[in-house]
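Q: Please see the structure below; I have some questions.
In my numbering, the protein residues as written are 1 to 405.
Set out below in structure tokens:
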């Protein structure tokens with residue numbers, strides 16, 4: 001049974017969410033939070049989330065940005081995942097969302113509609129397909145009571161497209177004036193307000209010979225409530241982190257992104273005593289020199305000895321070697337330089353087996369050896385020689401149909 005607390009329970013969206021939960025098998029609203037508690041509900045409603053004695057598996061927040069701090073404090077104290085479903089957040093608000101995600105699972109998306117997020121994915125594909133050959137214009141339409149413009153969804157669409165094109169484009173809002181000629185490095189974003197339009201977003205890719213439009217029209221607010229409840233089911237029980245609708249869309253894809261970091265090195269401390277005090281001393285000395293260490297791995301102890309490896313920027317090799325050489329304990333270490341670090345990631349790794357096998361098979365087919373590797377639930381990070389980096393990335397991208405960053 002998925003137990004839900006709704007923040008903003010007596011608002012239009014809160015009531016819509018309550019209705020969707022009521023129709024969802026194995027889900028129940030155990031409490032609501034709203035400044036106005038008078039409305040009749042089949043669940044108790046409190047003015048503050050701290051007043052809720054009920055335990056929940058997830059919080060769905062359709063209240064207001066001002067309530068973030070209080071809701072996040074409760075989520076962190078109780079370890080309850082939270083879905084942030086409202087819009088209009090400042091950069092400071094978004095920073096606090098990211099900070100909260102370090103402690104609990106946080107689901108945040110500019111638009112809770114699954115369809116809009118599918119539109120976003122399709123727009124990224126279109127942007128990569130057309131490249132600089134198409135002018136890109138975004139037109140969004142909403143009801144006459146909407147306060148912010150352009151919509152958060154329009155901006156999210158623009159950001160997703162821009163990311164696919166290397167973030168080389170500027171945004172032009174509501175083009176006007178005597179000197180408003182379009183440039184070849186912009187995305188036009190336009191807002192229309194009127195009547196009771198729930199939400200429409202049209203993204204146009206315009207060439208000299210054709211126009212491709214990727215559209216999404218929301219017919220009712222119910223679509224956002226359905227998306228929020230699906231998001232709640234998605235993050236319940238997940239590890240801390242920041243999740244979005246893209247994670248739901250790609251849930252069944254094992255990998256979604258490849259990140260490449262050049263000029264890496266790996267230092268391996270060979271056969272050192274299995275002594276945490278010594279390990280702490282080593283990394284304390286390295287930290288004192290201002291050296292950033294990324295991946296750390298340790299072998300299983302054998303006869304009281306372990307091998308310990310860590311990666312770092314190639315520019316810091318000399319400082320790291322001098323630091324290790326200055327230790328009172330004599331430590332044998334080996335350095336491998338001129339490496340490229342490759343990070344492949346995707347939420348689908350948590351539920352699919354054989355991902356590492358497929359990855360290693362791709363590298364084997366290209367005769368590329370791994371110098372260093374570590375994994376987590378949703379990520380595999382490894383290093384190869386720089387000369388093999390491009391072939392490794394291309395092989396992985398082709399095999400898993402990935403976008404390289």
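From the three backbone atoms N, C-alpha and C, an ideal C-beta is built for every residue, glycine too.
1. I'd like to check one pair, residue 160 with residue 201: are the Cβ atoms closer than 8 Å?
2. For residue 104, which beta-bridge partners are listed by DSSP?
3. Use the C-beta contact count for residue 150: other C-beta atoms within 10 angstroms, 16 or more gives buried, fewer gives exposed.
4. From residue 233 to residue 136, what distance separates their C-alpha atoms?
5. What first and last residue would you give for the alpha helix (DSSP H) that runs through residue 319?
6. Are the CB atoms of residue 399 and residue 373 within a distance shorter than 8 Å?
7. If you count every other CB in all the chains shown that lies within 10 Å of the CB of residue 302, and 16 or more means buried, which is it?
8. In angstroms, rounded to a whole number, what distance separates the CA positions of residue 349 and residue 254?
9. Taking the alpha-carbon positions, what's the residue 352 to residue 396 distance?
10. Starting from residue 242, trace the beta strand (DSSP E) in both directions and tell me its first and last residue.
11. By how many angstroms is the C-alpha of residue 139 removed from the C-alpha of residue 189?
12. According to DSSP, residue 193 sits in a beta bridge with which residue or residues?
13. If contacts are defined as beta-carbon pairs under 8 Å, then residue 134 and residue 205 qualify, I think. What distance do you get, rounded to the angstrom?
14. Where do the ends of the alpha helix (DSSP H) carrying residue 70 lie?
15. Along the chain, where does the alpha helix (DSSP H) that runs through residue 393 open and close?
16. Out of 222, 359, 281 and 288, state which residue places its alpha-carbon closest to the alpha-carbon of residue 328.
17. Looking at the unbroken alpha helix (DSSP H) that takes in residue 129, where does it start and where does it end?
18. Using CA atoms only, rank isn't needed, just tell me which of 274, 259 and 320 is closest to residue 298.
A: Checking against the coordinates, here is how it stands:
1. no
2. Its beta-bridge partners do not exist; DSSP assigns none.
3. buried
4. 35 Å
5. 317–325
6. Between residue 373 and residue 399, the gap from beta carbon to beta carbon reaches 8 Å or more.
7. exposed
8. 5 Å
9. Looking at the two C-alpha atoms, the distance is approximately 17 Å.
10. 241–243
11. 6 Å
12. 142
13. The pair is a contact, with the Cβ atoms about 4 Å apart (cut-off 8 Å).
14. 68–78
15. 386–400
16. 281
17. That run of the alpha helix (DSSP H) goes 114–130.
18. 274
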